Every structure is written in structure tokens, then in C-alpha cells.
Amino acid sequence: MTSTTTLPVGLDAAEVDAIVDRALDEDLRDGPDRTTAACVPAGSVAVGEFRTRPAGTLAGVGVAVRVLEKVCGDELEILDARADGDRLKPGDTALTVRAPLTTLLTAERTALNLLCQLSGVATATAAWVDAVEGTPARIRDTRKTVPGLRTLQKYAVRCGGGVNHRMSLGDALLIKDNHVAAAGSVTAAVRAARSAAPELPCELEVDSFDQLDEALTLGLELILLDNFSADECAEAVRRRNAGAPTTGLEASGGLTLDTAAAYGAAGVDFLSVGGLTHSSSALDLGLDLRSS
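If you count the sequence shown from 1, you need to add 1 to reach my numbering.
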């Protein structure tokens, strides 16, 4: 079934359909929903309200709707929907639909799995964004994503107010410690990468001030400060401002919500937070039914 959902900018309908199809197949691989078929009277129609239990930030409404469309078909009615990125209070309704009860219950878990997972990422991101409010720092994700869900998880980061790093290995250069070791030095690694892909932005990971000072002479778009303390980041900013003011600085490693404000106040441009996508708790949303 071709998507009829209007998805947000940055989400490809064909990719969303592929993810939704795989998710539905996990529930329907052994046949239809036998419990619902046995218990729900034929012809029953209900209104379903997707509600959040705790406060959180919403992401994935269009994806959840796509699940419902695929299972409920033309009998699905969207009665109300909140926007991705909305901050929800406990008990708020994110999405209200009317549909045959049999198909609505069949789609329930798959729709909630995606909506809860993406809203969890958005909620975690929003907490980090709030933590650095008033500083120049922005919250950035990594490639530490759930396999197969990268596009959706990175979309959820944007819903929470964060910004995306690389989507893949081929859309930017990121020179890390193993690349430096293989090339022989920081300068050799940067020159090799620039020579191979001069059209791509180039970022270099450094773990010492000696490496930082060398990197600041190389005209990089971004330098990643690996496991620098907040005070060390402030010193790195001072050196950057003096020697290469157009080069961005990104703090990574050992960051926590409690220390985020200190890192932001140090003057770095980004805080890199892998936990946004690899370990955020799902936001607890559930489906509440009422008669149509």
C-alpha cells in the first residue's frame, strides 16, 4: 500500500513504509491477530486516543499513522493529532483516531512501539537542549543508532531540538584515533582524507592539547575534543579563538546532563551525545479506547 500520510520534511515515504512493513511482519508473521478476532464483535468501531503517561516530547506521529493506515485502510479516520516536537504533559493526547476495533487493536502495538521509541529519543534530546540553554552549544547525535532505525531516530533528535551528525560513513569525513594511527600522524591523516574527498566537510578527533594545536593549523571544519574536561574545553576554545576562529569544536565522551551546562558554558559549538539514540528510554504512551 502506497503511503498517503504527509510525512515531515526529512522522512522518505518509501523508507518509512519499509520500516513499518518490517515491524508489522514481526506481529503478523504467523497469521492474523487471533485474540482480537476471537474477542471483538464483528463490525465494532471505536475511537482510540494515544496518550502519554509521563511528560515528554513527541516524535513519530506520522509514522504511527502510517502503521494504522496499512492495517485499518480507508476506514481509518484521523480525528486529531499533535505535532512532532510538541512538549506533552502527563495525560496529554498525541493522536486520536476512529477505526474498526479489530484492525485498531491489531495495529496498536506496532504503532506504539515506533511512537514510544521515537518520542523517547526526542524527550532525551530536549532534556539535553534544555540543559545547555543560554550557552552557544548545540546537542548533536552520533551514528550509535538502532540498526535499521537511523533515519527515524535522527529525525526524533531534530524533534527534540538537537542537530544531526553524519547519516552515513560517506557524507562527511571523521578522522578518529585509529585513522591517525594508520596514517602515521594527525597531519598525514588530514591530508590523506582531504586529498581523497576534498568536497566533504572534515572533522578530526583529538585527545590532547598537542594534537589540538597541530589540528588548529590544518583548516578543519570541526575538531572533536575526546574526553576533555569542561575546563580543558574552555582552554581549547581559547586556543581555537586565537588561532583558527572558523573551526568548530565538539565535546565528546563522559558527558552527562549534570555537566552539560558547564561544557556549554566552556564555549564549544556542539556536545556529542551517543546516548540519545543508543540508550534513551521509550516514552510511555498507551492507547485508550472509547466507543465511537
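We put the beta carbon where it would ideally sit given N, CA and C, even for glycine.
In this text the structure is predicted, and so the values were computed from the model without any measurement.
- Around the beta-carbon of Asp-81, fewer than 16 other beta-carbon atoms lie within 10 Å, marking it exposed.
- Checking the DSSP bridge columns, you'll see Leu-226 partnered with Val-207 and Ala-252.
- Secondary-structure assignment with DSSP links Glu-78 through a beta bridge to Arg-99.
- Here the alpha carbon of Phe-271 sits roughly 47 Å from the alpha carbon of Thr-103.
- Annotation: Glu-200 is outside any beta strand (DSSP E) and is labelled neither H nor E by DSSP.
- In the DSSP assignment, Val-158 falls outside any beta strand (DSSP E) and within the unbroken alpha helix (DSSP H) covering 151-160.
- Beta-carbon to beta-carbon, Thr-152 and Leu-12 are separated by about 7 Å, close enough to satisfy the 8 Å threshold.
- Here Val-21 has Val-64, Arg-67, Val-68, Lys-71, Thr-111 and Leu-115 as same chain residues with Cβ atoms under 8 Å from its own Cβ, once five neighbours each way along the sequence are excluded.
- Annotation: Leu-256 to Asp-142 spans about 13 Å, alpha carbon to alpha carbon.
- In the same chain as Gly-249, and ignoring 5 residues on each side of it, the C-beta atoms closer than 6 Å to its own belong to Leu-223 and Asp-270, in chain order.
- In the pairwise beta carbon analysis, the stretch 81-98 is classified as touching the stretch 48-61: at least three pairs are separated by under 8 Å.
- Each residue's CA atom was taken as its position, placing Ala-245 and Arg-195 some 18 Å apart.
- With at least 16 other beta carbons inside 10 angstroms of its own, Arg-241 counts as buried.
- Secondary structure within the stretch 22-101: the alpha helix (DSSP H) runs of 4 or more consecutive residues, fully enclosed, are 35-40 and 62-73 (chain order).
- With fewer than 16 other Cβ atoms from the protein chains shown falling within 10 Å of its own Cβ, Leu-170 counts as exposed.
- In the three-state DSSP reduction, Ser-120 falls in the helix class (H, G or I).
- By the beta-carbon neighbour count (other beta carbons within 10 angstroms, threshold 16), Ala-60 is buried.
- Bridge pairing for Arg-141: Val-164 and Ser-273 [DSSP].
- For Thr-7, the number of other beta carbons within 10 angstroms of its own is below 16, and it is reported as exposed.
- DSSP links Ser-292 through a beta bridge to Ala-47.
- Secondary structure at Gly-287: strand, using DSSP grouped into helix, strand and coil.
- Under DSSP, the beta-bridge partners assigned to Ile-176 are Leu-205.
- The Cβ atoms of Ala-267 and Val-238 sit closer than 8 Å to each other.
- In terms of Cβ geometry, Ser-253 and Asp-227 form a close pair [threshold 8 Å].
- Spanning the alpha carbons of Arg-192 and Ile-176 requires a straight line of approximately 11 Å.
- Taking C-beta atoms under 8 Å as the contact rule, Arg-52 and Asp-289 qualify, at a distance of about 6 Å.
- The beta carbon of Leu-213 lies closer than 7 Å to those of Val-207, Ile-224, Ala-237 and Arg-240 in the same chain, with the five residues before and after it left out.
- In the three-state DSSP reduction, Thr-247 falls in the coil class, being neither helix nor strand.
- Sequence-distant Cβ neighbours of Gly-287 in its own chain, meaning closer than 8 Å and more than five residues away, are Phe-51, Arg-52, Arg-54 and Leu-113.
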